[in-house]
Amino acid sequence: MAVKARRVAVIGAGPAGAIATDALVKEQAFDTIRVFDRRAGIGGTWIYTPHLPTAIPSLSDLVSGKADVAVPPPPQLPAVTPLSEEVNGHQRRFSDTALHENLHSNITPALMSYTQEPFPDKLSARTLAEYGPGAPFRHHSTIREWVEGIFSRGGHEKLVELSTTVEKAEKVGGEWVLTLRKEAQGRNYWWRETFDALVVATGHYNVPWFPGVPGLLDYDQKFPGKILHSKHFRNASPFKGKRVVVVGGSISAHEVVHEILDVAQTPVYASLRGEPIPAFGWEPFLHPGIVVKKEISRLDSETGRVFFADGSSLDDVDHIIFGTGYTFSVPYLEHVQERIRNAYRRLPGVFQHTWDIEDPTLTFVGMLGGGFTFRVYEWQAVAVARHLAGRAKSLPSIPEQLEWERKRVAERGGGKDYYSIAPDYGAFFEFLRDIAGEPAPGTTGRALPPFDDKWLELWTGMITHKIQGFQRKRKRAEEAKGSVKAKL
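In the numbering used here, the protein residues as written are 13 to 500.
In structure tokens, the structure reads:
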């Protein structure tokens, strides 16, 4: 099905939405480009929201896949309605972000930035102290400023409608009809707009995911506040002197464990199911203040005891923090949300994490992982912009796209393994570049360079930086422990 859109809506004004907007504008093929973001500023998940109280309204709904539901619009539009917890509550709508006060990027700027938008050479005091002046990590405030800059330098901020939630997106008579709600002046203002195509760039770091631990829901009810998710970790101070178990073997778990090490009761327990993320291995967990446990096998709501798969247990645990990632959620796209509910932590029915198989006017940017973010978003964005302009190489047939998905599920299942582009980075980048092709003559379309194998070397170097940081911290702790023993 050939696509030639004139009116395009971008949902999300974070890193993915920024590059999608820029690619669409520079394609010079669209009459209307509108960007909608429910937050009050540009930056997406890189907006820090410490002022918003952290909580999960219903862990039961979250675990059963019934959380983050669509909000029904008024029967007639346009309309004005009062604010309400159901419609405007940040906890019910999962609109708070996952940032903590010391969160830094964990990918080197040469890979994380876009080809025409380098990161500023701006290091936080903490980065300088831990990694030195050549550190490749940037504080979350720097990342947000960079995202804002992409919109402002291109003059794209005039395309953005902030504090505006897409409550419903449905195809009616060949057009996408968006039901929109803007929160302003203490009220909700509702209206509709129509488009030829959608670019969904809302990311997948909004709705927390919890593993199915026996006793989890009863434990949460009996001990409210003990069960937490890393999304709601803001700083270490609430964990001072507390006995803490951190669940997970990937980046979120690494960060939480090491943020609380200096203040929490020692040891901090790290509970892992199987092996940790391969890139970093066991190094993040070798600190003498960390004790590694097997996965949690059961939570006892009567005694508060935490049982592990090796038969061991812990009593008097103050907090269990799940650094177990997120699930996809697009409640405004009812048919896609239904697919998500029936799959395991992935975006089903989407070819190469980018194109809806049933309807190629529905596209996605930034709904993947595994490394090379944000850089890979640029390749997606340019391919999508050319595709929607009718200038890209044709996508494979629908049967071929469905077969791609079938094979991927068979080989990788769901979760991170499915939506990770690792280790086939080069193949994915080059596939998108092939679909995009070159900019149309006489346009300002973005040109995508070939995948450079040197980027893989930078990727390895970035991981080395992080591992060396863990090693230095471990060595300091071991030396301090040895010094104390010597004095005794």
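Ideal placement from N, C-alpha and C gives every residue a C-beta, glycine not left out.
Computed from a prediction, not measured in an experiment: that's the story for all the values here.
*Give the secondary structure of residue 411 by DSSP, where H, G and I count as helix, E and B as strand, and everything else as coil.*
Taking the sequence shown and counting its residues from 1, the one referred to as residue 411 is at position 399. In this structure, residue 411 counts as helix in the three-state DSSP scheme.
*Would you identify the three-state DSSP class for residue 302, choosing helix, strand or coil?*
The residue labelled residue 302 in the question sits at position 290 within the sequence shown. DSSP places residue 302 in strand when its eight states are reduced to three.
*Would you identify the three-state DSSP class for residue 220, choosing helix, strand or coil?*
Here the question's residue 220 lines up with position 208 in the sequence shown. Strand.
_Pairwise C-alpha distance: residue 257 and residue 358_ = Counting from one through the sequence shown, the residue named residue 358 turns up at place 346. Counting from one through the sequence shown, the residue named residue 257 turns up at place 245. Spanning the two alpha carbons is a distance of roughly 27 Å.
*When we look at the beta-carbon of residue 134 and count the other beta-carbons within 10 Å, is it buried (16 or more) or exposed?*
Position 122 of the sequence shown, counting from 1, holds the residue named residue 134. That one is exposed.
*Give the DSSP bridge partners of residue 94, in chain order.*
Numbered from 1 along the sequence shown, position 82 holds the residue referred to as residue 94. BP columns for residue 94 point to 199.
*Per the contact definition of three or more C-beta pairs closer than 8 Å, is the stretch 195-203 in contact with the stretch 276-288?*
no
*Go to residue 182, then tell me how far its alpha helix (DSSP H) extends in each direction, as first and last residue.*
For the purposes of this step, residue 182 is identified with residue 170 of the sequence shown, where counting begins at 1. Looking at the DSSP string, residue 182 is not in any alpha helix (DSSP H); the run it does join, the beta strand (DSSP E), is 176-184.
*Smallest Cα separation from residue 376: which of 383, 384 and 390?*
For the purposes of this step, residue 376 is taken as the residue at position 364 of the sequence shown. Comparing Cα positions, the closest option is 390.
*asked:* Along the chain, where does the alpha helix (DSSP H) containing residue 231 start, and where does it finish?
replied: Position 219 of the sequence shown holds residue 231. Element bounds for residue 231: 228-234.
*Specify, as a first and last residue, the run of the alpha helix (DSSP H) that residue 15 falls within.*
Residue 15 sits at position 3 when you count from the first residue of the sequence shown. Looking at the DSSP string, residue 15 is not in any alpha helix (DSSP H), and its letter there is neither H nor E.
*asked:* On the CB-based measure, 16 or more other CB atoms within 10 Å of its CB, does residue 63 come out buried or exposed?
replied: As a position in the sequence shown, residue 63 is number 51, starting the count at 1. Flag for residue 63 reads exposed.
*Is the number of C-beta pairs between the stretch 116-134 and the stretch 239-256 that are closer than 8 Å three or more?*
no
_Rounding to the nearest angstrom, what Cα-Cα distance links residue 174 and residue 184 in this structure?_
Here residue 174 refers to the residue found at position 162 when the sequence shown is read from its first residue. Here residue 184 refers to the residue found at position 172 when the sequence shown is read from its first residue. Approximately 25 Å, taken between the alpha carbons.
*asked:* Between which residues of its own chain and residue 342 is the CB-CB distance below 8 Å, once the five residues before and five after are set aside?
replied: Mapped onto the sequence shown, residue 342 falls at position 330. Here the set comprises 212, 214, 348, 349 and 352.
*Please look up how many angstroms separate the CB atoms of residue 284 and residue 304, rounded, as I've assumed it's under 8 Å.*
Here residue 284 refers to the residue found at position 272 of the sequence shown. Here residue 304 refers to the residue found at position 292 of the sequence shown. Contact flag correct, Cβ pair sits at about 6 Å.
_Assuming residue 241 is part of the alpha helix (DSSP H), what are its boundary residues?_
Here residue 241 refers to the residue found at position 229 of the sequence shown. No alpha helix (DSSP H) holds residue 241; the beta strand (DSSP E) holding it covers 239-241.
*asked:* Can you give me the C-alpha to C-alpha distance between residue 233 and residue 49, rounded to a whole angstrom?
replied: Within the sequence shown, numbered from 1, the residue matching residue 233 stands at position 221. Within the sequence shown, numbered from 1, the residue matching residue 49 stands at position 37. Roughly 34 Å between the two C-alpha positions.
*Beta-carbon separation of residue 106 and residue 80 under 8 Å?*
Counting from one through the sequence shown, the residue named residue 106 turns up at place 94. Counting from one through the sequence shown, the residue named residue 80 turns up at place 68. Cβ distance < 8 Å, so residue 106 and residue 80 count as in contact.
_Measuring straight from C-alpha to C-alpha, what distance separates residue 216 and residue 326?_
Sequence index remark: in the sequence shown, residue 216 carries index 204 (1-based). Sequence index remark: in the sequence shown, residue 326 carries index 314 (1-based). Spanning the two alpha carbons is a distance of roughly 33 Å.
*Rounded straight-line distance, which links the Cα of residue 242 to that of residue 295*: To locate residue 295, count along the sequence shown from 1; it is residue 283. To locate residue 242, count along the sequence shown from 1; it is residue 230. Distance between the alpha carbons of residue 295 and residue 242 is about 20 Å.
*Coil, strand or helix - residue 111 by DSSP*: For the purposes of this step, residue 111 is identified with residue 99 of the sequence shown, where counting begins at 1. Three-state result, residue 111: coil.
*residue 63 by DSSP, collapsed to three states: which one?*
By 1-based counting over the sequence shown, the position of residue 63 is 51. Coil, per DSSP.
*When burial is assigned at 16 or more other CB atoms within 10 Å of the CB, is residue 220 buried or exposed?*
Stepping through the sequence shown from its first residue, residue 220 is reached at position 208. By the neighbour-count rule (16 or more Cβ atoms within 10 Å), residue 220 is buried.
*How would you label residue 410, buried or exposed, when you count the other beta carbons within 10 angstroms and need 16 or more for buried?*
Position 398 of the sequence shown, counted from the start, is the residue given in the question as residue 410. By the 10 Å Cβ count, residue 410 comes out exposed.
_As a quick exercise: from 399, 462 and 289, pick the residue whose alpha carbon is nearest that of residue 437._
The residue you call residue 437 lines up with position 425 of the sequence shown. Comparing Cα positions, the closest option is 462.
*Could you give the distance in angstroms between the alpha-carbon of residue 18 and the alpha-carbon of residue 476?*
The sequence position of residue 18 within the sequence shown is 6, counting from 1. The sequence position of residue 476 within the sequence shown is 464, counting from 1. About 46 Å.
*Nearest-angstrom Cα distance between residue 440 and residue 468?*
Here residue 440 refers to the residue found at position 428 of the sequence shown. Here residue 468 refers to the residue found at position 456 of the sequence shown. About 14 Å.
*From this set, 143, 75, 102 and 315, which residue's C-alpha is nearest residue 52's C-alpha?*
As a working mapping, residue 52 is identified with position 40 in the sequence shown. Answer by Cα proximity: 102.
_When 287, 22 and 112 are compared against residue 272, the one with the closest alpha-carbon_ = Numbered from 1 along the sequence shown, position 260 holds the residue referred to as residue 272. The residue with the shortest Cα to Cα distance from residue 272 is 112.
*Just tell me which of 367, 334, 299 and 131 has its CA closest to the CA of residue 490.*
Taking the sequence shown and counting its residues from 1, one reaches residue 490 at position 478. It is 299 whose Cα lies nearest to the Cα of residue 490.
_Could you check whether the stretch 33-40 touches the stretch 221-228, counting it as contact only if at least three pairs of C-beta atoms, one from each stretch, sit closer than 8 Å?_
no
*asked:* My output table needs one value for residue 126: the three-state DSSP class, helix, strand or coil.
replied: Residue numbering aside, residue 126 sits at position 114 when the sequence shown is read from its first letter. DSSP places residue 126 in strand when its eight states are reduced to three.
*Have a look at residue 289 and residue 455 and give me their C-alpha separation to the nearest angstrom.*
Working through the sequence shown from its first residue, we reach residue 289 at position 277. Working through the sequence shown from its first residue, we reach residue 455 at position 443. Their Cα atoms are separated by approximately 43 Å.
*Can you tell me the Cα-Cα spacing of residue 68 and residue 82, whole angstroms?*
Here residue 68 refers to the residue found at position 56 of the sequence shown. Here residue 82 refers to the residue found at position 70 of the sequence shown. Computed Cα separation, rounded: 17 Å.
*Please report the residue range of the beta strand (DSSP E) in which residue 44 lies.*
Taking the sequence shown and counting its residues from 1, the one referred to as residue 44 is at position 32. Counting along the chain, the beta strand (DSSP E) containing residue 44 begins and ends at 44-48.
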